[in-house]
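Residues in the sequence shown are numbered consecutively from 58, following the working numbering.
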Amino acid sequence: MSKDNIVFPRLFNLSLQSQYIILASVLGIIITLSIYFSYSVMTRHYHSLVENTRNTSEIRNNILKVRNHINVLANGIDLVTLQPEYKDQVLLVFQASFTEINQILDAVIEKELLGGAEFISALSQLSANLDQLRVSAQRLFEVRTNVNQQYPGMEVSSRVLRPAQKDMMTALNLALQENDEDALQSKSPAYRAHLVHLKQLWTSTISAYRLYLANRMGSFDEEELYDQEVHVDEYLLEMKNQVAALLQYEALFGFESEELLLKLPEVLTVWRDGFAQVKQIHHSEAWRKDSEIMREEILPSMEAISANLLVIGRHLQQSNSQLVADFSGAGNLQTRQLIIIAIVFIAYSFIIYFFLKALVFKPLGILMATLSANPDIDPDKLRGISKAKEIKNLVDSFLVMHGHVVKRQEELTYHALHDSLTSLPNRKLLMERLFHDIEIADRNSSSLSFMMLDLNGFKYVNDTLGHHVGDQLLIKVGKRFKETLREVDTIARLGGDEFSIILPETGREHARIVAGKINKILEQPFKVGEHALHVGTSIGITLYPDDGDNAHVLLKHADVAMYKSKHDRKDFHFYEQQD
C-alpha cells in the first residue's frame with residue numbers, strides 16, 4: 058500500500074469537526090491568499106484611478122487657464138483695433154499670456170498625462186495656432202498704428218499723388234510769378250487768366266479728392282463715395298482739356314516755368330493713374346489692411362483655436378466618462394472576486410458566508426446600485442453604506458469629481474446666459490424668456506409688453522472718464538433697473554448701453570407706468586467713485602400681439618420705436634405702424 062493511500066484514509070477517518078477544521082484551515086489559507094491578492098489588485102487599481110483623476114483635474118484646470126488667456130488675447134485685439142494707443146500695454150499682456158500658455162501646453166504635452174494621439178495632436182495644433190495668432194496680432198497692431206499700412210490707398214496718395222500734386226502746383230505758381238514779373242508776358246491777359254483758372258481747377262480737384270478720401274476712411278456712405286469718384290474724374294477730364302489748351306500759349310512760357318509747364322500733361326497722367334490705383338484699392342476687400350488681417354488671419358486662427366479646444370474638451374469628457382467606468386469596473390471586479398471566494402467558502406461555512414455578505418457584498422451592492430441607477434447622488438447616504446477605507450475613498454474621489462463636473466457645468470451654463478459685466482440676462486436668455494412668455498400669453502389669451510432702452514449721455518461718460526467708470530455706471534444702472542421691476546419681469550443687457558425689458562401680463566397703460574418709473578429712477582445721479590453721473594434713456598415699447606406675432610418682430614419694432622423716441626427727444630415711444 059502506498060504512502061498516499063495511508064494518509065487519505067486517516068484524513069477521512071477523522072471526526073467531522075477535525076475535517077472541517079482542516080478543510081476550513083486549507084480554505085482559510087486559500088481565502089487569505091485570495092483576499093491578499095484581491096486587495097493588492099484593488100489597491101493598485103485604486104491608486105491608478107486616483108492618479109488618473111488627479112491628472113484629469115490638473116489638465117482641466119490648465120485648459121481653463123488657457124481659455125481665460127485666450128479670452129484676454131481676444132479682448133486685447135479688440136481693444137487695439139478700437140484704440141490703437143493701447144498697443145504697447147496690450148503687447149505686454151500678450152507676451153505674459155503667450156508665455157504662460159506655452160508653459161502650460163508644454164507641461165501637459167511633456168507629461169502626457171492623458172495620452173492619446175488625438176489629444177496630443179490637438180494640443181500641438183493649439184500651440185501652433187496660438188503662435189500664428191501671435192504673429193498675426195503683431196502684424197495687425199503694426200498696421201493699426203500706421204495709417205499708410207492700414208489704408209493702402211493712403212500709401213499710394215503719399216507716394217504717387219502728393220508729389221504729382223506738388224509738381225502741378227509748383228509749375229502753375231512759378232508760371233504766374235514769371236507772368237507777373239515779365240512785362241512782355243503781362244501783355245496777354247488771356248494767358249494769365251488761363252493759368253489762374255487752371256490753378257483754381259487743380260485746387261478744386263485736390264479738395265474733391267480729399268473729401269473722397271475722408272468719406273472712404275470714415276466708411277460714411279458707399280453711394281456718396283461713387284459720386285465723389287465721378288466728381289474727381291470730371292475734374293480730371295476738365296484738367297486734361299485745360300492743360301492741353303495751355304500749350305497754345307507756349308510762346309509766352311517763362312524761362313524757368315517752360316520745362317515744368319510742358320511736363321504738366323505727364324504730371325496729370327501720373328496723378329490720374331495714381332487715382333485709378335486708389336479707386337481700385339478702395340473697391341477691393343483690401344482697402345483696409347487691418348480688416349483684411351482680421352478676416353483672413355485673426356478670425357481663422359480664432360476659429361481653429363476654438364476647434365482645438367472643442368477636441369480637447371471632448372477628450373476630457375471622454376476621460377471623465379472612462380474614470381466613472383473605471384470606478385464602476387473596480388467595484389464590479391471586487392464584487393466578482395468576493396463572490397467567487399464566497400461560493401467556495403459557503404459550502405463549508407454559512408457563518409463565514411453571512412459574515413462576508415453582511416460586511417462586503419451588501420455594501421458593495423448598495424454602492425453599485427446607487428452610483429449606476431440614481432442620478433441625484435446623496436453624499437451622506439453613499440458615505441454611510443460602508444466603513445471600509447477603500448470604498449470610502451472610492452466614494453469620496455467620485456463625489457469630488459462629480460462635484461467639480463456639476464460646478465463647472467453650472468458655471469458654463471450661467472456665463473452662457475448672462476452678461477459678464479452686469480450679470481443680467483444676455484440676448485440669448487432674453488429671447489428664450491420672450492419666446493416662453495409669448496407662449497404663456499397665447500395660452501392665457503393675455504398680452505405682454507416689450508421694451509428696448511438706450512442710455513442717453515453714456516457715451517460722453519465713457520469717452521471722458523474712461524471705460525472703467527463706464528462699466529461701473531452700467532452695473533449700477535442695471536441694478537437700479539432690476540430693483541424697480543417685478544420678479545416676473547426680465548431685464549437684459551444686449552451690449553454697449555442697450556437694455557431690454559419683458560413685462561408679462563401687461564398692457565399699454567402698465568407699460569406706460571413702468572416707462573415713467575424707469576425715467577424717474579434715472580433722474581437720481583449715480584455715484585461712481587468721486588463722480589456723480591447723470592444719464593437718461595430713450596425707450597421703445599411694443600405690445601404683444603398688437604405690434605408683432607413673434608419675438609423677432611417685437612424686437613425689431615421695439616428697436617424702431619426706441620430710435621423714434623431718441624429722434625423725437627421723448628422719454629418713451631409706443632410703436633406705431635407708420636414708424
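Think of the CB as a built atom: it goes at the ideal place given N, C-alpha and C, for glycine as much as any other residue. These numbers were taken from a predicted model, which means no experiment stands behind them.
Beta carbon of residue i nearer than 7 Å to that of residue j
i, j, result
"residue 180", "residue 197", "no"
"residue 619", "residue 597", "yes"
"residue 155", "residue 124", "no"
"residue 245", "residue 303", "no"
"residue 582", "residue 591", "yes"
"residue 269", "residue 300", "no"
"residue 600", "residue 543", "no"
"residue 201", "residue 141", "yes"
"residue 147", "residue 136", "yes"
"residue 530", "residue 545", "no"
"residue 614", "residue 625", "no"
"residue 327", "residue 221", "yes"
"residue 490", "residue 547", "yes"
"residue 225", "residue 287", "no"
"residue 356", "residue 296", "no"
"residue 217", "residue 331", "yes"
"residue 584", "residue 541", "no"
Alpha helix (DSSP H) segment containing residue i, residue limits
i, result
"residue 141", "Careful: residue 141 lies outside any alpha helix (DSSP H) and carries neither H nor E."
"residue 511", "Run containing residue 511: none in the alpha helix (DSSP H); it sits in the beta strand (DSSP E), 505-513."
"residue 353", "Unbroken run through residue 353: none, as it is neither H nor E."
"residue 536", "524-541"
"residue 190", "174-201"
"residue 308", "Premise fails: residue 308 is in no alpha helix (DSSP H) and is neither H nor E."
"residue 212", "209-213"
Local conformation of residue i per DSSP, three classes
i, result
"residue 246", "helix"
"residue 587", "coil"
"residue 629", "strand"
"residue 5", "Because residue 5 is not part of the residues shown, which for the chain are 58 to 636, the question remains open."
"residue 73", "Since pLDDT at residue 73 reaches only 48, below the 50 mark, its modelled position is unreliable, and no value is offered."
"residue 313", "coil"
"residue 475", "strand"
"residue 482", "strand"
"residue 341", "coil"
"residue 517", "helix"
"residue 604", "coil"
"residue 580", "coil"
"residue 544", "coil"
"residue 404", "coil"
"residue 634", "coil"
"residue 564", "coil"
"residue 621", "helix"
"residue 68", "Caution applies to residue 68, whose pLDDT of 49 falls short of 50 and renders its modelled position unreliable; the model cannot decide the point."
"residue 256", "helix"
"residue 63", "Because residue 63 sits at a pLDDT of 48, beneath the cut-off of 50, its placement in the model cannot be relied upon, and the point is left open."
"residue 336", "helix"
"residue 574", "helix"
"residue 346", "helix"
"residue 320", "coil"
"residue 58", "Confidence is the limiting factor: at residue 58 the pLDDT is only 49, short of 50, which leaves the residue's position unreliable, though a coordinate-based value still follows. It is coil, neither helix nor strand."
Range covered by the beta strand (DSSP E) that runs through residue i
i, result
"residue 218", "Unbroken run through residue 218: none, as it is neither H nor E."
"residue 601", "593-601"
"residue 549", "547-552"
"residue 561", "555-561"
contact_flag[the segment 312-323, the segment 187-202] where n(CB pairs < 8 Å) is 3 or more: no
I want to know whether the segment 478-497 touches the segment 543-557 - three or more CB-CB distances under 8 Å. yes
With a threshold of 8 Å, are at least 3 pairs of Cβ atoms found where one atom belongs to the segment 500-512 and the other to the segment 618-632? yes
Mind listing, in chain order, the continuous beta strand (DSSP E) runs of no fewer than 3 residues lying wholly within the segment 262-290? none
Flag this pair as touching only if the segment 357-374 and the segment 183-190 have three or more C-beta atom pairs under 8 Å; answer yes or no. yes
Quick check: the segment 368-377 against the segment 108-120, are there 3 or more CB pairs under 8 Å? yes
Is the segment 247-257 in contact with the segment 218-236, if contact means three or more CB pairs nearer than 8 Å? yes
What runs of the alpha helix (DSSP H), each 4 residues or longer, lie entirely inside the segment 103-131? none
Taking contact to mean at least 3 C-beta pairs separated by less than 8 Å, is the segment 340-360 in contact with the segment 209-216? yes
Any contact between the segment 606-624 and the segment 509-528? By contact I mean 3 or more CB pairs, one from each, below 8 Å. yes
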